[in-house]
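Please read the structure below before turning to the comments.
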Amino acid sequence: MASDIDRRASAERSAAGTTHGPLVLVEGLVKHFPIRTGLLGREAGRVHAVDGVSFEIQRGETLALVGESGCGKTTTGRLLLWLLEPTAGRVVFDGQDVSSFDRLGLRAFRRRAQIIFQDPFGSLNPRMTVGSVLREVLQVHGIARRGTAERQISELLDAVGLHADDASKYPHEFSGGQRQRIGIARALAVQPEFVVADEPVSALDVSVQAQVLNLLVDLQRRFSLTYLFITHDLSVVRQIADRVAVMYLGRVVELRDCEALFQGPLHPYTQALLSAVPDPEAGTDRQRIALSGEVASPANPPPGCPFHPRCPHPGKDETCSCVVPPLRALNGGAQAACHKI
Amino acid sequence: MNEASGRAEDRADGGRALTAAAFIPGLAHLRRGRRRAGLSLLGLALAMLAVLAFSFDRVASTFTAGRVDYWVAMLTLAGTLAAAWGVSLRAEWGRPRQRAEGTSQWAIAWREFNRNRVAVLGLFLMCGLYLATLLAPYLTSYEPNAIGDIAATRHLPPSLDHLMGTDKFGRDVFTRVLYGARISLSIGFVAVSISVTLGTVVGAVSGYFGGAVDTVLMRFVDMLISFPRLVLLITVIALFEPSIFTVIVVLGLTLWPATARIVRGEVLSLREREFVEAARALGLASPRIIFRHIVPNVLGPVIVAATLGLGNIILIEAGLSFLGLSVQPPTPSWGNIIDGGREYLVQAWWVSTFPGLAIVVTVVAFNLIGDGLRDALDPRLRI
Amino acid sequence: MSAPLLRVENLRTYFHTAEGVVRAVDGVSFTLGPGETLGIVGESGCGKTVACLSILRLIDPPGRIEPDSRISLRDRDLTAASEGEMRSVRGNEISMIFQEPMTSLNPVWTIGDQIAEALRTHRSARPAEARRRAAEMLRLVGIPNPEQRLDEYPHQFSGGMRQRAMIAMALACDPSVLIADEPTTALDVTIQAEILDLLARLQEQLGMGLIFVSHDLGIIAQIADRVIVMYAGQVVESGTADELFGRPRHPYSEGLLRATPRVGRRMRRLSVIPGSVASPKRWPPGCRFHPRCPYAWSRCREDVPPLPGEARASRCWLEEEPARRTGGWDELALAEDH
Chain A
1 MASDIDRRAS AERSAAGTTH GPLVLVEGLV KHFPIRTGLL GREAGRVHAV
51 DGVSFEIQRG ETLALVGESG CGKTTTGRLL LWLLEPTAGR VVFDGQDVSS
101 FDRLGLRAFR RRAQIIFQDP FGSLNPRMTV GSVLREVLQV HGIARRGTAE
151 RQISELLDAV GLHADDASKY PHEFSGGQRQ RIGIARALAV QPEFVVADEP
201 VSALDVSVQA QVLNLLVDLQ RRFSLTYLFI THDLSVVRQI ADRVAVMYLG
251 RVVELRDCEA LFQGPLHPYT QALLSAVPDP EAGTDRQRIA LSGEVASPAN
301 PPPGCPFHPR CPHPGKDETC SCVVPPLRAL NGGAQAACHK I
Chain B
342 MNEASGRAED RADGGRALTA AAFIPGLAHL RRGRRRAGLS LLGLALAMLA
392 VLAFSFDRVA STFTAGRVDY WVAMLTLAGT LAAAWGVSLR AEWGRPRQRA
442 EGTSQWAIAW REFNRNRVAV LGLFLMCGLY LATLLAPYLT SYEPNAIGDI
492 AATRHLPPSL DHLMGTDKFG RDVFTRVLYG ARISLSIGFV AVSISVTLGT
542 VVGAVSGYFG GAVDTVLMRF VDMLISFPRL VLLITVIALF EPSIFTVIVV
592 LGLTLWPATA RIVRGEVLSL REREFVEAAR ALGLASPRII FRHIVPNVLG
642 PVIVAATLGL GNIILIEAGL SFLGLSVQPP TPSWGNIIDG GREYLVQAWW
692 VSTFPGLAIV VTVVAFNLIG DGLRDALDPR LRI
Chain C
725 MSAPLLRVEN LRTYFHTAEG VVRAVDGVSF TLGPGETLGI VGESGCGKTV
775 ACLSILRLID PPGRIEPDSR ISLRDRDLTA ASEGEMRSVR GNEISMIFQE
825 PMTSLNPVWT IGDQIAEALR THRSARPAEA RRRAAEMLRL VGIPNPEQRL
875 DEYPHQFSGG MRQRAMIAMA LACDPSVLIA DEPTTALDVT IQAEILDLLA
925 RLQEQLGMGL IFVSHDLGII AQIADRVIVM YAGQVVESGT ADELFGRPRH
975 PYSEGLLRAT PRVGRRMRRL SVIPGSVASP KRWPPGCRFH PRCPYAWSRC
1025 REDVPPLPGE ARASRCWLEE EPARRTGGWD ELALAEDH
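Protein sequence lines, in the order shown, are assigned to chains A, B and C. Per our numbering, residue 1 is the first one in the first sequence, and the count goes up by one each step. Per our numbering, residue 342 is the first one in the second sequence, and the count goes up by one each step. Per our numbering, residue 725 is the first one in the third sequence, and the count goes up by one each step.
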């Protein structure tokens, strides 16, 4: 089923840029949000949303970015797409530094890198039909030639498992899962190479979640997409990711191949996180690593290792509370940020 | 589903047959069980025909009178009849919808509004008022400013000849209230249009861009809001000549800051919504995002504010006229008719009472519509 | 097993809207014993939340608990109780905690005030006594420095702490039944694990009956003794947690279990339940799951399958014709692959 979109996508793929090296390279990414108070907006502090994050995403792979709320995973995703500008660090997309793009360059970049959102209710304009949303995207980017827009819209809808007739409907007439499909169709309309999926299945029911996950896997294969899959749900990660980066308080604490991470997590936080995920097969008898205390606020991160106040590691010592552990390369391509590994 | 197949049947056996429903407006709707729509259309058409029948002379005199308002009335009469008939014909002959069309948020709001009987009553009142002002020359056989034999016609109580009696110059109060409605309603309409347009643009820009733009615009708005409107009005009117134009401009320019604030608040929360972020990620330009993606979503509260504002403006204008700061006699406006009857309240209560009632009914109608719209457009009811 | 604490029989809660009757809960029955945890699992729109609110009679018009529904607490018929009697039941004998710890607490009152309020309403406790008990409750739910934190406002608490405070509030009057409606859904996994442990510990300690509602099969498997699975306003399967997750009998439970991604292993491809839940205004005729069921045959489309009264039951015609259980989800997955 080689439709028009497939052919155009692959043709453009080979024409655009280099084909070696990672598609996305992130180096020392930092994003601080100032906390302003008073009438004059004096800066009272800074939220350290992302605090020095580096990783690469290879072409065609799925990197999962995992962590709990407030760990900076969503901000990282926005930074990669240049929806937010980083405080420090750089994002290199296909060999080009994104910060060097002018207006036209950025527009071209937007065609190659897209985003899928979590909230199937908030991510669609309630006043626009599905067709007009897609038509707008196609027209603005000059993708639709005269007269082909309608066909392209129905192809897009078909690709995400919706019906061509759905184009004339409004978002509120769809279920959560269907809306998520519409959001995916919108992202795919510009035929991107890279897609940031920000918790795309978290708001969905289990049975629908499986449908959307399978769809994302199929689309990746069909359009040779590269995913950054942001989620808090480790069971979903195991199902979809090639590599996993675990974040805690604005830093990556562990980064490695998916299966290896699930079979033997290295960082104490990853271990605790993994043990806390409920699994219907394991029942009640599974051993859980209990964490004490609360996640520190990113406005006031603890000195040293960000995880040390909650860390259950028996060998925890003063180094942990003073020195920030760097993300070090270990055997077998694994990376972890812990003094005790 | 059921409805669609029903319509298809109608079409199969009826086609474009010249049924009674094709001639009598409203019948098509009634036949399809849409009672309220049918009766409204029928009533509207009958009312227009009644005007035609009872004041045929005046309608006919349009061609000789050479006055603009006669032509406006003529157009209104013909236009309303044609519209009622057209809507009816479309229901009778129109094709059933080909594909499953989506129901827009506006369509849902309209359905919701229609459930609210009181609000619909307000809407009927408002439509009736506007129609009456447009048709004014046909609805009365007197001229608003014509002074005849004062001794014979001064302060006549309400009767069939003079529905609302006559004033101290022997002018027909009903006629004056009818013509006065033009002033009140058009001032309200134009001033609200100005304030909504300005307020929406300023509020949307301020909320969307934030930062310095927002600070500057909002401080300006604060300044305007803190300025006492009545003082500003009186000053401006003292500087220039009191006229409809001055009043409209001053009201329009002093009302928009309130709209701007509402819009800014809505935009601030909409800006964080993911569909706006998606639009940015798709590389859409800012004006496009503001006017295509954000503004349609803030129109709900703006419409509600505008409707309630209309009632408010009518009250302000009446107050200004009453003080002699707006439309100058002999041109009638509700405020100055009341003012004119003030001295004779005991002998001729009708002169001030009827325009007063007109103000009450109009303002209540606008408030009913406003409340109905607020409920119908409430985003919390659905997503 | 001792006499049931709470018995719900044929509960039907309908919403009579202008567009038609929404049959949100349509004939649900279950019992809850003291010290027992009943898990109610189902996806959004299955009626699990409405069922819980119905137990407390917190259904506002146009919603209505239909006449022949019966809810009894010990021997008292709650459906017949007056509104005044219900007020003395709510928060006292039956408590409820909700999903959203951010909005369930009133931001203008201190945590201490809010816990004490229940005590002062139901127990006519004096201020000092109520405060002492409130501090005790905070300690019970594992909040450090309870005396200090009593005087703090909800915004000074983190999400997990707020949910703990909610639990403290719910338990202040020693209820015999606690209804927890997705209490951990808004929380992070590590915090969720803490709350689940806390609930299990408190239940053991206080011996109350716990109804735990969730869409997450993993959580239910971890915390529940007995489980009912709801679909389209009805109970479709019931049994102990081990029975239900070990050998699900209803095709819906089976499909749901197979569609759940596991942290323990990677599946080649997730199994999918096709389609989505029908509108509660027009449930499908026959078995309500038949449009999505891989086993469905003509009988499922026409006749409504019964739910036998036993503890282990499945509302499915396969119970009578087990020979038809062939293919099913495996075949469906295979078909989707090609």
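Backbone N, C-alpha and C fix where the C-beta goes; we use that ideal spot for every residue, glycine too.
With H, G and I counted as helix, E and B as strand and the rest as coil, what does DSSP make of residue i?
i: Asn-713(C); result: Here chain C comprises residues numbered 725 to 1062, so residue 713(C) is not present and cannot be evaluated.
i: Ile-678(B); result: helix
i: Glu-259(A); result: helix
i: Ile-143(A); result: coil
i: Thr-984(C); result: coil
i: Pro-1015(C); result: helix
i: Val-1028(C); result: coil
i: Val-746(C); result: strand
i: Ile-783(C); result: coil
What residues of chain A sit near residue i, judged by a beta carbon separation below 7 Å?
i: Thr-984(C); result: Val-206, Pro-280
i: Phe-616(B); result: Gly-122, Ser-123, Leu-124, Asn-125
i: Ala-622(B); result: Leu-81, Leu-83, Arg-110, Gln-114, Ile-115
i: Met-991(C); result: Gln-239
i: Leu-625(B); result: Val-140
i: Ile-891(C); result: Residues of chain A passing the Cβ test: none, with the nearest at roughly 16 Å.
i: Ile-997(C); result: Ser-207
List, in order along the chain, the chain B residues whose C-beta lies closer than 8 Å to that of residue i?
i: Gln-96(A); result: None at all; the shortest Cβ gap to chain B is about 16 Å.
i: Glu-193(A); result: Under the 8 Å cutoff, chain B gives no residues; its nearest Cβ is about 14 Å from Glu-193(A).
i: Arg-107(A); result: Gly-624
i: Glu-43(A); result: Those within 8 Å of Glu-43(A) in chain B number zero; the least Cβ separation is about 14 Å.
What residues of chain C sit near residue i, judged by a beta carbon separation below 7 Å?
i: Gln-118(A); result: Per Cβ cutoff of 7 Å: no residues; Gln-118(A) is ~14 Å from chain C at best.
Which residues in chain C sit within 9 Å of residue i, going by Cβ to Cβ distance?
i: Leu-216(A); result: The contacting residues do not exist; Leu-216(A) stays about 11 Å from chain C at best.
Applying the criterion that 16 or more other CB atoms from any shown protein chain within 10 Å of the CB defines a buried residue, is residue i buried or exposed?
i: Ala-889(C); result: buried
i: Glu-684(B); result: exposed
i: Arg-376(B); result: exposed
i: Met-342(B); result: Its pLDDT being 37, under 50, Met-342(B) is placed unreliably in this model, and the value from its coordinates should be taken loosely. Answer is exposed; the Cβ neighbour count stays below 16.
i: Ile-589(B); result: buried
i: Thr-703(B); result: buried
i: Glu-1055(C); result: exposed
i: Phe-568(B); result: exposed
i: Ile-943(C); result: buried
i: Glu-344(B); result: Caution is warranted here: a pLDDT of 41 is assigned to Glu-344(B), below 50, making its placement in the model unreliable, and the coordinate value is therefore given only provisionally. Glu-344(B) is exposed by the Cβ-count criterion.
i: Trp-1021(C); result: exposed
Just tell me which of the options has its CA closest to the CA of residue i.
i: Arg-399(B); options: Tyr-411(B), Met-389(B), Gly-681(B), Thr-421(B); result: Tyr-411(B)
i: Leu-730(C); options: Ile-818(C), Pro-785(C), Lys-772(C), Gln-929(C); result: Ile-818(C)
i: Ile-585(B); options: Thr-507(B), Ala-391(B), Ile-657(B), Leu-686(B); result: Ile-657(B)
i: Pro-673(B); options: Ala-620(B), Ala-659(B), Val-617(B), Ile-654(B); result: Ala-659(B)
i: Ala-532(B); options: Gly-469(B), Asp-716(B), Val-409(B), Ile-654(B); result: Ile-654(B)
i: Glu-978(C); options: Ala-858(C), Gly-1052(C), Arg-856(C); result: Gly-1052(C)
i: His-232(A); options: Pro-200(A), His-313(A), Leu-216(A); result: Pro-200(A)
i: Ile-488(B); options: Thr-516(B), Met-467(B), Ala-388(B), Leu-470(B); result: Thr-516(B)
i: Arg-256(A); options: Pro-126(A), Thr-62(A), Leu-215(A); result: Thr-62(A)
For residue i, go through chain A and note every residue whose CB falls closer than 9 Å to its CB, in chain order.
i: Ala-1002(C); result: Correct list: empty, because the minimum Cβ distance to chain A is about 11 Å.
i: Asn-638(B); result: Asn-125, Pro-126, Arg-127
Residues of chain D with CB closer than 9 Å to the CB of residue i, please, in chain order.
i: Ser-100(A); result: This model lacks chain D altogether, as its protein chains are A, B and C.
Pairs of beta-carbons, one from the stretch 618–636 of chain B and one from the stretch 572–579 of chain B, closer than 8 Å: are there three or more?
no
Three or more beta-carbon pairs under 8 Å between the stretch 104–114 of chain A and the stretch 71–82 of chain A, yes or no?
yes
Please confirm if the stretch 235–254 of chain A is in contact with the stretch 262–278 of chain A, defined as three or more CB-CB distances below 8 Å between the two stretches.
yes
Closer than 8 Å is the cut-off here; do at least three beta carbon pairs connect the stretch 761–780 of chain C with the stretch 891–907 of chain C?
yes
Assess, as a yes-or-no matter, whether the stretch 662–672 of chain B is touched by the stretch 685–700 of chain B under the definition of 3 or more beta carbon pairs within less than 8 Å.
no
For the 8 Å Cβ check, are there 3 or more pairs between the stretch 879–899 of chain C and the stretch 913–929 of chain C?
yes
Kindly confirm or deny that the stretch 203–217 of chain A and the stretch 18–37 of chain A touch, where touching means at least three C-beta pairs closer than 8 Å.
no
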